[in-house]
Amino acid sequence: MNFQAVRSIYIFEMARTWRTIGQSVISPVISTSLYFVVFGAALGSRITEIDGVSYGAFIVPGLVMLSLLTQSISNASFGIFFPKFSGTIYELHSAPISYIEIVLGYVGAAATKSIIIGCIILLTASFFVPLQIAHPFWMIAFLLLTSITFSLFGFIIGIWADGFEKLQIVPLLIITPLTFLGGTFYSINMLPPFWQTVSLANPVVYLVSGFRWSFYEISDVNVGLSFSITLLFMFACLVVIWWIFKTGYRIKS
Amino acid sequence: MTSIISIQKLSKTYASGLKALKNINLDIKRGEIFALLGPNGAGKTTLISTICGITNPTTGKITVAGFDVEKEFRKTRSLIGLVPQELTNNAFETVWATVNFSRGLFGKKPNPQLIESILRDLTLWDKRNDKIMMLSGGMKRRVLIAKALSHEPQILFLDEPTAGVDVNLRKDMWNIVRRLRDSGVTIILTTHYIEEAEEMADRIGIINNGELILTEDKEKLMSKLGKKRLTLHLIKPIDKIPQQLSAHHLERSPDGCALIYTYDKRGRRTGITTLLQDLAASNIHFQDLETKQSSLEEIFVSLVKD
């Protein structure tokens, strides 16, 4: 195992975060604060409580999950896309480094960044609403699992994308709508029965539900199912990455 | 000298069907400077990329210091440094950060003293805190060399190292390459500049259409394939070459003031004595003469044309 190489990629990627601190950290904090202003203050005054939790507090886990998903995907996809775009990927191919080590470096850094942002959002939220975390262990487990899984997914998008447009297509056209429709701002129990059933096909529902349960012990779906679906998605991402490196798809001729 | 790189029956066919390399067999000797010449699209970069692990071979075997480049890639790649043809750099990084990153990728612990020494050798030390996008093309090329040397490789691949570089910088590069060779590094370079190969290489390989046409010691190649030209500057210009001199296949200069005779110096008889006798018999007299060895460029053009 070339730990030094993993460390180098990790440090290199994290350095990019600090160099673009405004874009990486400050902008999600500002957008989350705006969500609180719009949804928490404006709508929250009309929707007083959901399952015994104030609306402002209810949306916190969903907002963290929203940032976690989008940040994990964008960090990991850009991290591996940029060397492809600039041509510096030749260094990765010609270095004594295995594919597992490449994934560890890039995905590890992307997951770290999104976890940091998730924690900052939690901290920001604590200024707006009273927070309680009923199951800290499961909260951390969901945080880790989601950030790693969606960083893996972002890594796949970064390999697949052959231009900046494609890099944005999946996050903008698939992930953001799924997140908004995945119970971030509401409980799916508030929907008509038909749309409740349709919502169960949305994987983000399981993430948000499980994560919210770790805070308030309320969930739209079974917590075990939430965790299993996330694990399954992570496994699927790992299989795709294994296939990418085995075949050299879009990274090696 | 023992071989440090051994290539056997190497072929590469891309998914598009393009046969970039066809049954290449080549041994690179430890400590030599090997120049790979060939026109655009001949397969030079594909050959380098395959040895370095950037491209997968279709068939054949490559060993570096006895290790298989596919099965024992960690051992082979740790011995190799690569300077690519394109100026591919992390534009937003500093020189110091990017060179240290390269060393880390090769599994080496940080060594600031070594990196400082490399940057000083390449006159990059003053630029160490500059972002790469602020550097000139020549400096960016040096950064690529510094990155390739950061893990102390035994073999250095230079893919068109002086492409787009001005004359002074090119000569600086040549000096750098010579110093590296003197320190024991094996160097394989591809180049479009025949002058570069002629100036630096110990051995030459010529590749065309994916086939390695020849590999030869540079001096031997020059003497084996190099023709000599004898130019006779005449006292009086002539309108045409007399019939009695036709056996010598002479060329007349456009102004008629010189006759050019091409001969193979490997031959036991060059034909010069007979030519001079025939010239005297034809009442053609010359005031000066000069001989010139064919350049590597002329040899290269003639081989590729064939």
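Top to bottom, those sequences are chains D and Y.
Per our numbering: the first sequence = residues 6 to 258.
Per our numbering: the second sequence = residues 15 to 320.
Note that CB positions come from ideal geometry on N, CA and C, so glycine has one too.
The model shown is predicted, which means the values in this text are computed figures rather than measured ones.
Checklist entry - Is Y:Gly270 closer than 8 Å to Y:Pro251 when the C-beta atoms are compared? => result The sequence position of residue 251 of chain Y within the second sequence is 237, counting from 1. The sequence position of residue 270 of chain Y within the second sequence is 256, counting from 1. The answer is yes: Cβ separation under 8 Å.
Checklist entry - Y:Thr69 to D:Leu157, Cα distance in whole Å? => result Taking the second sequence and counting its residues from 1, one reaches residue 69 of chain Y at position 55. Taking the first sequence and counting its residues from 1, one reaches residue 157 of chain D at position 152. Going from the Cα of Y:Thr69 to the Cα of D:Leu157 covers about 24 Å.
Item to check | Extent of the continuous beta strand (DSSP E) to which Y:Lys122 belongs | outcome: The sequence position of residue 122 of chain Y within the second sequence is 108, counting from 1. From DSSP, Y:Lys122 is part of no beta strand (DSSP E); its letter is neither H nor E.
Checklist entry - Are the C-beta atoms of Y:Thr31 and some chain D residue less than 8 Å apart? => result Numbered from its first residue, the second sequence carries residue 31 of chain Y at position 17. The residue asked about is misnamed: residue 31 of chain Y is Gly in this sequence, not Thr. Taking Cβ atoms only, chain D never reaches closer than 8 Å to Y:Gly31, which makes this a no.
Checklist entry - DSSP three-state call for D:Ile126: helix, strand or coil? => result Locating residue 126 of chain D in the first sequence gives position 121, counting from the first residue. Of the three classes helix, strand and coil, the one that applies to D:Ile126 here is helix, per DSSP.
Checklist entry - Out of D:Val43, D:Ile55, D:Ile145 and D:Gly168, which has the shortest C-alpha to C-alpha gap to D:Asn194? => result As a working mapping, residue 194 of chain D is identified with position 189 in the first sequence. Closest by alpha carbon: D:Ile55.
Item to check | Residues, ordered as in the chain, of the segment 83-101 of chain D that lie near chain Y by beta-carbon distance below 9 Å | outcome: Phe87, Pro88, Ser91, Gly92, Thr93, Ile94, Tyr95, Glu96, Leu97, His98, Ser99, Ala100 and Pro101
Checklist entry - Hey, out of Y:Asp196, Y:Leu61 and Y:Thr60, whose CA is closest to Y:Asp216's CA? => result For the purposes of this step, residue 216 of chain Y is identified with residue 202 of the second sequence, where counting begins at 1. Y:Asp196 is the residue among Y:Asp196, Y:Leu61 and Y:Thr60 whose C-alpha sits nearest the C-alpha of Y:Asp216.
Item to check | 8 Å contact criterion, which Y:Thr102 and D:Gly92 should meet: CB distance rounded | outcome: Within the second sequence, residue 102 of chain Y is the residue found at index 88, counting from 1. Within the first sequence, residue 92 of chain D is the residue found at index 87, counting from 1. About 3 Å; that satisfies the 8 Å criterion.
Item to check | Bridge partner(s) assigned by DSSP for Y:Asp278 | outcome: By 1-based counting over the second sequence, the position of residue 278 of chain Y is 264. The partner list for Y:Asp278 (beta bridge, DSSP) reads Y:Lys241.
Next on the checklist: At a CB distance below 7 Å, what residues from the segment 38-72 of chain Y approach chain D? Give them in sequence order.
Outcome noted: Cys66, Gly67, Ile68, Thr69 and Asn70
Checklist entry - Cα separation between D:Phe132 and D:Ala114? => result By one-based count along the first sequence, residue 132 of chain D stands at place 127. By one-based count along the first sequence, residue 114 of chain D stands at place 109. Between D:Phe132 and D:Ala114, the C-alpha separation is close to 28 Å.
Item to check | Y:Phe171: first and last residue of the uninterrupted beta strand (DSSP E) it sits in | outcome: For the purposes of this step, residue 171 of chain Y is identified with residue 157 of the second sequence, where counting begins at 1. Looking at the DSSP string, the run of the beta strand (DSSP E) that includes Y:Phe171 is Ile169 to Asp173.
Checklist entry - Can you pull the DSSP bridge partners for Y:Arg217? => result Reading the second sequence from its first residue, position 203 is the one you call residue 217 of chain Y. Per DSSP, Y:Phe48 and Y:Asp231.
Checklist entry - By how many angstroms is the C-alpha of D:Val203 removed from the C-alpha of D:Pro182? => result Residue 182 of chain D sits at position 177 when you count from the first residue of the first sequence. Residue 203 of chain D sits at position 198 when you count from the first residue of the first sequence. If you take the alpha carbons of D:Pro182 and D:Val203, they lie about 14 Å apart.
Item to check | Beta bridge counterpart(s) of Y:Gln22 as assigned by DSSP | outcome: What you label residue 22 of chain Y is simply residue 8 of the second sequence in a count that begins at 1. Beta-bridge pairing by DSSP links Y:Gln22 to Y:Lys75.
Checklist entry - Who does Y:Ala272 pair with in a DSSP beta bridge? => result Within the second sequence, residue 272 of chain Y is the residue found at index 258, counting from 1. DSSP, once it has assigned bridges, lists Y:His247 as partnering Y:Ala272.
Item to check | Identity of the residue in D:Leu97, D:Glu170 and D:Gly57 nearest Y:Phe115 by Cα | outcome: By 1-based counting over the second sequence, the position of residue 115 of chain Y is 101. Taking only the C-alpha atoms, the option nearest Y:Phe115 is D:Leu97.
Next on the checklist: Quick check on D:Lys171: does DSSP put it in helix, strand or coil?
Outcome noted: On the first sequence, residue 171 of chain D is found 166 positions in, with the first residue counted as 1. Correct three-state label for D:Lys171: helix.
Checklist entry - Mind checking whether Y:Ile38 and Y:Leu172 have CB atoms under 8 Å apart? => result Numbered from its first residue, the second sequence carries residue 38 of chain Y at position 24. Numbered from its first residue, the second sequence carries residue 172 of chain Y at position 158. In this structure, Y:Ile38 keeps its C-beta atom at 8 Å or more from the C-beta atom of Y:Leu172.
Checklist entry - Grouping DSSP H, G and I as helix and E and B as strand, with all else coil, what is Y:Asp292? => result In the second sequence, residue 292 of chain Y corresponds to position 278, counting from 1. Correct three-state label for Y:Asp292: helix.
Next on the checklist: Buried or exposed, going by whether 16 or more other CB atoms sit within 10 Å of the CB of D:Trp247?
Outcome noted: Here residue 247 of chain D is taken as the residue at index 242 of the first sequence, counted from 1. With fewer than 16 Cβ atoms within 10 Å of its Cβ, D:Trp247 is classed as exposed.
Next on the checklist: Any heavy atom of the ligand MG inside 7 Å of the beta-carbon of D:Ile161?
Outcome noted: The model on display carries no ligand, and the ligand MG is accordingly not part of it.
Checklist entry - Among residues of its own chain, excluding the 5 on either side of Y:Gly52, which ones have a beta-carbon nearer than 6 Å to its beta-carbon? => result Working through the second sequence from its first residue, we reach residue 52 of chain Y at position 38. Answer for Y:Gly52: Lys58, Ile221 and Asn222, listed in chain order.
Checklist entry - In chain D, what lies closer than 8 Å to Y:Glu100 by C-beta? => result Indexing the second sequence from 1 puts residue 100 of chain Y at position 86. Those within 8 Å of Y:Glu100 in chain D are Gly92.
Next on the checklist: Between Y:Ile129, Y:Thr60, Y:Ala295 and Y:Val78, which has its C-alpha nearest Y:Ile21's C-alpha?
Outcome noted: Position 7 of the second sequence, counting from 1, holds the residue named residue 21 of chain Y. That would be Y:Val78, whose Cα lies nearest to the Cα of Y:Ile21.
Next on the checklist: Counting only beta-carbon separations shorter than 8 Å, does D:Lys251 have a partner in chain Y?
Outcome noted: Residue mapping note: residue 251 of chain D aligns to position 246 of the first sequence, counting from 1. Chain Y contact via Cβ: absent.
Item to check | Min CB distance D:Phe160 to chain Y below 8 Å | outcome: Sequence index remark: in the first sequence, residue 160 of chain D carries index 155 (1-based). At a cut-off of 8 Å between beta carbons, D:Phe160 makes no contact with chain Y.
Checklist entry - Mind listing which residues of the segment 112-123 of chain Y have their C-beta closer than 7 Å to chain D's C-betas, in chain order? => result Phe115, Ser116, Gly118, Leu119, Phe120, Gly121, Lys122 and Lys123
Checklist entry - By the criterion of Cβ-Cβ separation under 7 Å, what are the contact partners of D:Phe17 in chain Y? => result Taking the first sequence and counting its residues from 1, one reaches residue 17 of chain D at position 12. Identification of chain Y residues near D:Phe17 by a Cβ-Cβ cut-off of 7 Å yields Phe115, ordered along the chain.
Checklist entry - What in chain D is Cβ-close to Y:Leu96, meaning under 9 Å? => result Counting from 1 along the second sequence, the entry for residue 96 of chain Y is found at position 82. Per Cβ cutoff of 9 Å: Tyr95, Glu96 and Ser99.
Checklist entry - Below 8 Å between beta carbons: does that hold for D:Gly159 and D:Asn80? => result Here residue 159 of chain D refers to the residue found at position 154 of the first sequence. Here residue 80 of chain D refers to the residue found at position 75 of the first sequence. In contact: D:Gly159 and D:Asn80 (Cβ atoms closer than 8 Å).
Item to check | Y:Asn104 at chain D interface by Cβ criterion, 8 Å | outcome: Sequence index remark: in the second sequence, residue 104 of chain Y carries index 90 (1-based). Yes, because at least one Cβ of chain D sits closer than 8 Å to the Cβ of Y:Asn104.
Item to check | Closest by C-alpha distance to Y:Pro268, when choosing among Y:Pro124, Y:Leu259, Y:Asp278 and Y:Asp253 | outcome: Your numbering for residue 268 of chain Y matches position 254 in the second sequence. Closest by alpha carbon: Y:Asp253.
Checklist entry - Rounded to a whole number of angstroms, what is the C-alpha to C-alpha distance between D:Ser50 and Y:Met148? => result The residue given as residue 50 of chain D occupies position 45 in the first sequence. The residue given as residue 148 of chain Y occupies position 134 in the second sequence. Approximately 53 Å, taken between the alpha carbons.
Item to check | Contact set between Y:Tyr277 and chain D, taken where Cβ atoms lie within less than 7 Å | outcome: Taking the first residue of the second sequence as position 1, residue 277 of chain Y is located at position 263. Under the 7 Å cutoff, chain D gives no residues; its nearest Cβ is about 47 Å from Y:Tyr277.
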